[in-house]
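*Asks:* In the UniProt record's numbering, the protein residues as written are 1 to 338.
1) How many angstroms separate the CA atom of residue 34 from the CA atom of residue 118?
2) Report the residue from 87, 181, 281 and 68 whose alpha carbon sits nearest the alpha carbon of residue 47.
3) Looking at C-beta atoms only, is the number of pairs between the segment 129-144 and the segment 201-219 that lie closer than 8 Å three or more?
4) Among 216, 169 and 213, whose alpha-carbon lies nearest the alpha-carbon of residue 200?
5) With distances taken from CA atoms, which of 18, 91 and 67 is nearest residue 50?
6) Would a C-beta distance cut-off of 7 Å place residue 287 and residue 280 closer than the cut-off?
7) Do the segment 150-163 and the segment 189-204 meet, that is, are 3 or more Cβ pairs less than 8 Å apart?
8) Shortest alpha-carbon distance to residue 232 belongs to which of 182, 258, 73 and 299?
9) Look up residue 38 in the DSSP assignment and say whether it is helix, strand or coil.
10) How many angstroms separate the CA atom of residue 135 from the CA atom of residue 248?
11) What does residue 119 pair with, by DSSP beta-bridge criteria?
12) Once the 5 residues before and after residue 97 are set aside, which same chain residues still bring their CB inside 6 Å of it?
13) Exposed or buried, which one is residue 315 when buried takes at least 16 other CB atoms within 10 Å?
14) Mind listing, in chain order, the continuous beta strand (DSSP E) runs of no fewer than 3 residues lying wholly within the segment 147-201?
15) Can you tell me the Cβ-Cβ gap for residue 226 and residue 106, rounded? I've got them flagged as a contact below 8 Å.
16) Could you give the distance in angstroms between the alpha-carbon of residue 77 and the alpha-carbon of residue 215?
17) Express the C-alpha separation of residue 19 and residue 213 in angstroms, rounding to a whole number.
18) Per DSSP, what are the beta-bridge partners of residue 253 in this structure?
19) With three or more beta-carbon pairs closer than 8 Å as the criterion, would you say the segment 268-279 touches the segment 174-181?
20) From residue 282 to residue 328, what distance separates their C-alpha atoms?
21) Nearest to residue 148 by CA position, among 239, 55 and 166, is which residue?
22) Please tell me whether residue 296 and residue 325 are closer than 7 Å, where the distance is taken between their beta carbons.
23) Does the distance from the CB of residue 127 to the CB of residue 44 come in under 7 Å?
24) For residue 237, which residues from the same chain have a beta carbon less than 6 Å from its beta carbon, with the 5 sequence-adjacent residues on both sides left out?
25) Buried or exposed: where does residue 333 fall if 16 or more other Cβ atoms within 10 Å of its Cβ makes it buried?
26) On the three-state DSSP scale, how would you describe residue 138?
27) So, for residue 217: in the same chain, excluding its five sequence neighbours on each side, which residues have a beta-carbon less than 6 Å away from its beta-carbon?
28) Where does the unbroken beta strand (DSSP E) through residue 102 begin, and where does it stop?
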């Protein structure tokens, strides 16, 4: 497929091949994923306001990083595969509790189960943010390999779900409409992909200029869209010029866990990626309670007034009349919201 020239004459064929490969890959991964348990140390209960998973190759400094930013001591050594199970830690940052999971190093072929890769990636799928720890001295090799492994199992890093409405029906055939011009595929390609998945009755509405891969993701329906931060560790081993190039890349932070360099910037990037909102409640006639805020995030339900009320107690929603809100998100203090 890589050698095939992309043009109008071949795009239908390429789209069909991509759909067939994606369907076969899903069939290959599912049986192995359903057999057996999660494995010792991998079934970690959720704790705190957000979960961050440390993903990386062996001996890149994940355990050292966990020990530096949490009170958990994870074994770290100069040889590979020091960590063999999932080790949780907690970061107390800006009145919130962030669960940080130190996962065993994965190797190439992890998506097919090599080196307990399936178990590691399964835990990563449950995270609100993935922190990909990379060896700064090894360039982009590790980053590209890890992105490939995660993409194979349906993780979409730093992407938003495509604006596609897809509903299967029992009868009526295929109804396909688009509200914007499509430059990457046409109606024939769409029909070929749907027929490959044996979808003969559905409503498909496309609201953005999508690719064949995005269409396949929607049909598969098991993709996970998650924020990812690339933490380039061991910057003490590279030049200032190399470090500057890495630091300017999107979603990237340069650190040295061993020398405790730039860890505060990393925490700030994690906080921003999680989209956490702190809400401090105030009783009538009393000052605000700045000790115990309500923590909301887009990844865990949302951060509207309704979500805040439900966080306090579900029964309050039926009795709720209005709220008075102070903060940068309102036009005047206080602003009444119904």
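Positions of the beta carbon are idealized from the N, C-alpha and C atoms, including for glycine.
*Replies:* According to the structure shown:
1) Confidence at residue 34 is low in this model, with a pLDDT of 47, below 50, so its placement is unreliable and the value that follows should be read with caution. In a straight line, the C-alpha of residue 34 is about 11 Å away from that of residue 118.
2) Checking every option, the nearest Cα to that of residue 47 belongs to 87.
3) Using a Cβ-Cβ distance cut-off of 8 Å, the segment 129-144 and the segment 201-219 are not in contact, since fewer than three pairs of beta carbons, one from each stretch, lie closer than that value.
4) 169
5) 91
6) no
7) no
8) 258
9) For residue 38, the predicted model reports a pLDDT of 46, less than 50, meaning its position is unreliable; a value from the coordinates is still stated below. If DSSP states are grouped into helix, strand and coil, residue 38 belongs with coil.
10) 16 Å
11) Paired residue(s): none; residue 119 is not in a bridge.
12) 48, 49 and 90
13) exposed
14) 155-157, 164-168 and 174-178
15) Going by Cβ atoms, the distance from residue 226 to residue 106 rounds to 16 Å, so no, they are not a contact pair.
16) Residue confidence for residue 77 is low, a pLDDT of 47 falling below 50, so the modelled location carries little weight; the figure read from the coordinates is stated next. Cα to Cα, residue 77 sits roughly 44 Å from residue 215.
17) 8 Å
18) DSSP lists 231 as partners of residue 253.
19) no
20) The C-alpha of residue 328 is placed about 17 Å away from the C-alpha of residue 282.
21) 55
22) no
23) No, the pair does not count as a contact, with Cβ atoms beyond the cut-off.
24) 137
25) exposed
26) helix
27) 223
28) 96-102
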